[in-house]
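Only one structure is covered here, and it is reproduced in the block below.
Number of protein chains: 2
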Amino acid sequence: MTEAPEDCSKVSPADEHRDLIEALSPNASDSILLHLAMGTMKMAGHRYGSFLDAATTAAKLAVYSTYLEQGRNLRKTGFLHHVEPKRVKAIAREIEASLEDGKFLKTLGTREPYYLIGLPHLWQEKFPWQPGQPRICQDHLTEGERQQLEATLAPNLPQARLVDSYELAELIKELHQSPDKSSESSPAPLSEALSEHIKFRLIHAGTVFQLDSPLLLDPLYGLALETYSPQDSQQRALTMIDDVAEFFRLMQGWVEAVPQVMRAVEVFDVDPARKDDALKELDQLLLKWADRYHVEGGEPMVMHLAAGPRTETP
Amino acid sequence: MTEAPEDCSKVSPADEHRDLIEALSPNASDSILLHLAMGTMKMAGHRYGSFLDAATTAAKLAVYSTYLEQGRNLRKTGFLHHVEPKRVKAIAREIEASLEDGKFLKTLGTREPYYLIGLPHLWQEKFPWQPGQPRICQDHLTEGERQQLEATLAPNLPQARLVDSYELAELIKELHQSPDKSSESSPAPLSEALSEHIKFRLIHAGTVFQLDSPLLLDPLYGLALETYSPQDSQQRALTMIDDVAEFFRLMQGWVEAVPQVMRAVEVFDVDPARKDDALKELDQLLLKWADRYHVEGGEPMVMHLAAGPRTETP
DNA sequence: GCGTGGCATTAAGCCCCTCAA
DNA sequence: TTGAGGGGCTTAATGCCACGC
Chain E
513 MTEAPEDCSK
523 VSPADEHRDL
533 IEALSPNASD
543 SILLHLAMGT
553 MKMAGHRYGS
563 FLDAATTAAK
573 LAVYSTYLEQ
583 GRNLRKTGFL
593 HHVEPKRVKA
603 IAREIEASLE
613 DGKFLKTLGT
623 REPYYLIGLP
633 HLWQEKFPWQ
643 PGQPRICQDH
653 LTEGERQQLE
663 ATLAPNLPQA
673 RLVDSYELAE
683 LIKELHQSPD
693 KSSESSPAPL
703 SEALSEHIKF
713 RLIHAGTVFQ
723 LDSPLLLDPL
733 YGLALETYSP
743 QDSQQRALTM
753 IDDVAEFFRL
763 MQGWVEAVPQ
773 VMRAVEVFDV
783 DPARKDDALK
793 ELDQLLLKWA
803 DRYHVEGGEP
813 MVMHLAAGPR
823 TETP
Chain D
513 MTEAPEDCSK
523 VSPADEHRDL
533 IEALSPNASD
543 SILLHLAMGT
553 MKMAGHRYGS
563 FLDAATTAAK
573 LAVYSTYLEQ
583 GRNLRKTGFL
593 HHVEPKRVKA
603 IAREIEASLE
613 DGKFLKTLGT
623 REPYYLIGLP
633 HLWQEKFPWQ
643 PGQPRICQDH
653 LTEGERQQLE
663 ATLAPNLPQA
673 RLVDSYELAE
683 LIKELHQSPD
693 KSSESSPAPL
703 SEALSEHIKF
713 RLIHAGTVFQ
723 LDSPLLLDPL
733 YGLALETYSP
743 QDSQQRALTM
753 IDDVAEFFRL
763 MQGWVEAVPQ
773 VMRAVEVFDV
783 DPARKDDALK
793 ELDQLLLKWA
803 DRYHVEGGEP
813 MVMHLAAGPR
823 TETP
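For the record, the sequence lines run as chains E and D.
Going by the numbering used here, the first sequence opens with residue 513, and the numbers climb by one from there.
Going by the numbering used here, the second sequence opens with residue 513, and the numbers climb by one from there.
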């Protein structure tokens, strides 16, 4: 019950995902945005509003960059991007405040939202548990009922006792206003809705499990993971984002014709019988190549590659 | 005067660009968004609001995708993304209307905004020019003045006469309400501000030039390019976006463990004396590799690679 | 649990205008 | 021509509550 239900309609989520991307994004930029939104919101669990804020911040930085290029001309910048000069000014002020005073722009900031990352630690600190102690502390339960319930729990849970929904809400509240950033004040009002969202996300991610039972008046909640560790598929999704970001950075170097930056694309029709061989050989080629030119204390280099079936012939 | 001024401050725009990206985006997703915003707004010339709309659309699709995965449960979807169920419903309706009725979501749609692409054709159609005819048609000019002005024009202009600001505004208006999409009505009210933005963009992109002269009461405008063709640096920026999009698509396949999708990363320290050799050899290796496995009528494959200096050691 | 409705606040993307330097 | 201000419209992100199922 902690996982997203594999709902039994016709298509798998991954296909649905791909279909949406391909049906609705004739443009490369749109497609990148879509992949990014999926990765950010569905995999990493960032809020809808956070993604929008991050996109807005990126757009503001683009405006600011033009503003500098145009010699701090508000009007020209406004014309070039179709933004009111007044707004350009506000954007510039905001960004400069961020650069100078270290105030934070609304970015995603971390791969996952802080509450996913920070919860296991805080929970184990505030509601610790030692072997031999009861994991469930509910006055209205008899000792037998307690043991019966605890027997239903998974075997290798972290050293933390179960909590009720109030305690969970407390945990979430504390996590929420631990910005551990320089901005001293907590401008975050933690609404009920937000708190509920965080709770759902924690359960969805498998960090927290919910215990329902007729013996209980209200559901209890337990910590399922000792430290934050994304599932395998999530880990891959995060790696994907990192790879794409670095690929983007490298390609930007190529656009600017930075020396020692290389781009390569190979488009071909592979012999179906030798597909596996081809990929294996490519892997080996790259490994040997990097080995051949590697020296201790050389200049740091990186190379990113992705290969697979192509869908269109451009 | 048609180009962005190389403003004489301390740093070059490209450095500024890179600094902004690196100073303010500790996160891979943020960095991707920034690269994308720069490419979309500064290079391709899409509007600030268009980029925001496209990002919002991507986020909506992510929400919708979750909505389907959750068996069309509005509340759960709302919790998972911190969106009101009401809003989820509106989003779902909007997307389904788009899928069924072919209504358009607000995406970037084309690489460049239509007005950049479509203008040269429309201009040559509405204001054609033949050798021997006057390029400048202004009653208040004497024949001598006209010839004097025309002599200042660049030699190889397209077959189009110069226009005044009213005619230019007419062109822009016509372009603006040529959606050439299925949505019959033009929901676009073309404000003065938007029209001015388009005019600035056209001049900025070098598609249109402005002619000022003491002989003229008002400035005139001329078409500078026969067909839309981005400058070299813009062309590279567009290629970058395409590459990144396909790289993203391939990596998504890797995340889902699609067979025949491969990801490779090589991190090493290159012998400084052999950097060029290394890249040249890599290029050759890839070419030969693709050749070796290519057959007529095989399965379509693609491979993307970028290599260059690395900045951090992860 | 779920969908649906109402109601409220606030920011910000848009539009337009004027005036002084 | 640019900066600075004023005034206005509309959407939508975000919050809350309540009813009926």
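Note that CB positions come from ideal geometry on N, CA and C, so glycine has one too.
Values in this document were obtained by computation on a predicted structure and should not be read as measured data.
query                                                                                                                          : result
Contiguous alpha helix (DSSP H) assignments of at least 4 residues, all confined to the region 580-668 of chain E              : 586-593, 597-613, 626-638 and 655-663
Chain-order list of residues whose beta-carbon lies under 8 Å from that of E:Glu738 (same chain, five-residue window excluded) : Pro632, Gln636, Pro670 and Gln671
Rounded separation between E:His820 and D:Glu612 - CA only                                                                     : The residue asked about is misnamed: residue 820 of chain E is Gly in this sequence, not His. Straight-line Cα distance between these residues: approximately 31 Å.
DSSP state of E:Asp783 mapped onto helix, strand, coil                                                                         : coil
Whole-angstrom distance between D:Phe639 and D:Glu655, CA atom to CA atom                                                      : 20 Å
Interface residues of chain E facing D:Gly718 [CB-CB closer than 8 Å]                                                          : Chain E residues near D:Gly718: none, gap ~14 Å exceeds 8 Å.
Any chain E beta carbon closer than 9 Å to D:Arg559                                                                            : yes
Short CB-CB distance (under 9 Å) between E:Met815 and chain D                                                                  : yes
Best match in E:His816, E:Leu653 and E:Gly557 for proximity to E:Phe712 [C-alpha to C-alpha]                                   : E:Gly557
Contact set between the region 714-744 of chain D and chain E, restricted to residues whose Cβ is under 8 Å from the partner   : His716
For D:His593 and D:Val575, believed in contact at Cβ under 8 Å, the rounded distance                                           : 5 Å
Alpha carbon of D:Asp789 to alpha carbon of D:Leu798, nearest angstrom                                                         : 14 Å
Per-residue DSSP class, three states only, for E:Gln747                                                                        : helix
Beta-carbon neighbours of D:Arg623, restricted to chain E and to distances below 9 Å                                           : Asn539, Ala540 and Ser541
Closer than 9 Å to chain D by CB, E:Ser677                                                                                     : no
Beta carbon proximity, E:Trp827 to chain D, threshold 9 Å                                                                      : Limits of chain E in this structure are 513 at one end and 826 at the other, which puts residue 827 of chain E out of reach.
9 Å Cβ cut-off: residues of chain E touching D:Glu793                                                                          : Trp801, Arg804 and Tyr805
Chain-order list of residues whose beta-carbon lies under 8 Å from that of E:His816 (same chain, five-residue window excluded) : Asp755, Glu758, Phe759 and Leu762
Residues within the region 753-764 of chain E neighbouring chain D, beta-carbon criterion of under 9 Å                         : Ile753, Asp754, Asp755, Val756, Ala757, Glu758, Phe759, Phe760, Arg761, Leu762, Met763 and Gln764
Residue from D:Glu662, D:Leu580, D:Ala705 and D:Ala776 with nearest C-alpha to D:Ile603                                        : D:Leu580
Backbone CA spacing between D:Cys649 and D:Leu674 [nearest angstrom]                                                           : 8 Å
Where E:Lys598 falls, given that 16 or more other Cβ within 10 Å makes a residue buried                                        : exposed
Three or more C-beta pairs below 8 Å linking the region 791-806 of chain D and the region 729-748 of chain E                   : no
CB contact below 9 Å: E:Arg786 versus chain D                                                                                  : yes
Own chain residues within Cβ distance below 6 Å of D:Arg775, not counting five before or after                                 : Trp766
Spatial neighbours of D:Asp730 in its chain, beta-carbon cut-off 7 Å, leaving aside the 5 residues before and after            : Asp676 and Ser677
Nearest-angstrom beta carbon gap, D:Leu620 and E:Ser541 [assumed within contact, 8 Å]                                          : 5 Å
Interface residues of the region 763-781 of chain D facing chain E [CB-CB below 9 Å]                                           : Met763, Gln764, Gly765, Trp766, Val767, Glu768, Ala769, Val770, Pro771, Gln772, Val773, Met774, Arg775, Ala776, Val777, Glu778, Val779, Phe780 and Asp781
Cβ neighbour criterion (16 or more within 10 Å) applied to D:Asn668                                                            : exposed
Residue range of the unbroken alpha helix (DSSP H) whose run includes D:Leu706                                                 : Glu704 to His716
Start-to-end residues for the alpha helix (DSSP H) that takes in D:Ala549                                                      : Ala540 to Ala549
Residue-chain proximity (D:Leu545, chain E), Cβ-Cβ < 9 Å                                                                       : yes
Span of the beta strand (DSSP E) around E:Tyr733                                                                               : Leu732 to Leu735
Beta-carbon proximity check, E:Ala571 vs D:Ala549, cutoff 9 Å                                                                  : yes
Pair within 9 Å by beta-carbon distance, D:Ile544 and E:Ile753                                                                 : yes
Whole-angstrom distance between D:Gln689 and D:Ser695, CA atom to CA atom                                                      : Caution is warranted here: a pLDDT of 49 is assigned to D:Ser695, below 50, making its placement in the model unreliable, and the coordinate value is therefore given only provisionally. One C-alpha to the other measures close to 11 Å.
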